[in-house]
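In the numbering used here, the protein residues as written are 726 to 983.
C-beta atoms are modelled at their ideal positions from N, C-alpha and C, and glycine is treated no differently.
Down below is the structure, laid out as structure tokens.
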């Protein structure tokens with residue numbers, strides 16, 4: 726194996742081998758947003774790593790990306806568990822101690838539309854921005870443990886607006902309350918990956934999450950062959966929702982949060 730400056734065609738071929746695991750890598754490559762390190766063998770990529778705020782390794786020999794990860798000032802290392810293990814074993818002495826280590830995060834997939842949920846879910850519009858910024862911040866805080874409106878309020882507001890403008894944000898709103906919302910963290914011809922699935926705390930434990938997920942997945946499966954997401958293994962309510970609508974577990978991810 727040798728280090729390579731990968732072409733887009735090489736990246737897409739690599740991602741096509743594992744389109745669910747590598748959905749984020751493919752998405753940012755297609756959008757021209759990623760900075761990548763790679764390893765190749767006989768002209769074919771065997772490992773790929775996105776280096777940015779998130780370091781995302783995939784493939785064989787990911788320990789070779791340790792130096793790039795150390796220079797990237799990452800907020801998170803995340804990806805398929807074995808790839809992250811390989812990278813972290815080599816990089817751990819060059820990076821700060823993680824604030825949180827989350828191994829064994831199941832990746833769920835769905836490729837058949839579930840039963841209808843009977844909700845009013847719709848694509849978010851810019852008129853929803855003032856409602857979604859605090860909701861997305863609350864979801865981020867619950868998931869990551871950091872309040873993005875304290876760390877980077879303008880940047881977070883811009884990212885929330887961009888998700889809306891790119892058609893990657895959906896919500897079910899009734900009586901001014903968000904019964905359900907979610908965003909797409911990645912979208913390729915093979916899959917849509919969801920993130921920040923959230924229900925207003927005052928509306929929880931009433932089945933809204935299950936109904937919202939049913940209808941959102943039905944909508945998305947009309948546009949892509951697969952919906953996927955990953956979740957903390959201790960988040961029992963979320964696991965029940967995903968399994969209730971027919972999602973199945975596949976691989977596992979590991980996240981290191983700094």
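Item                                                                                                              : Value
Residues near residue 752 by beta carbon distance below 7 Å, same chain, minus five either side                   : 911, 912 and 913
Nearest candidate by alpha-carbon position, reference residue 882, set 925, 860, 902 and 924                      : 860
Top-ranked residue by Cα proximity to residue 837, from 909, 977 and 947                                          : 947
Contact check, residue 702 vs residue 942, beta carbons under 7 Å                                                 : The chain is shown only over 726 to 983; residue 702 falls outside these bounds and no answer can be derived.
Beta-carbon separation (whole angstroms), residue 919 vs residue 909, contact threshold 8 Å                       : 6 Å
Residue 762, buried or exposed, once every other Cβ within 10 Å from all chains shown has been counted against 16 : buried
Residue nearest to residue 971 in terms of C-alpha spacing, selected from 953, 981, 809 and 960                   : 953
CB of residue 916 within 7 Å of CB of residue 748, strictly                                                       : yes
Supposed close pair residue 987, residue 845 - CB separation, criterion 8 Å                                       : No information on residue 987 is available, as it lies outside the stretch 726 to 983 that the chain covers here.
Test item: CB-CB of residue 750 and residue 775 under 7 Å                                                         : yes
Bridge-paired residues (DSSP) for residue 833                                                                     : 954 and 974
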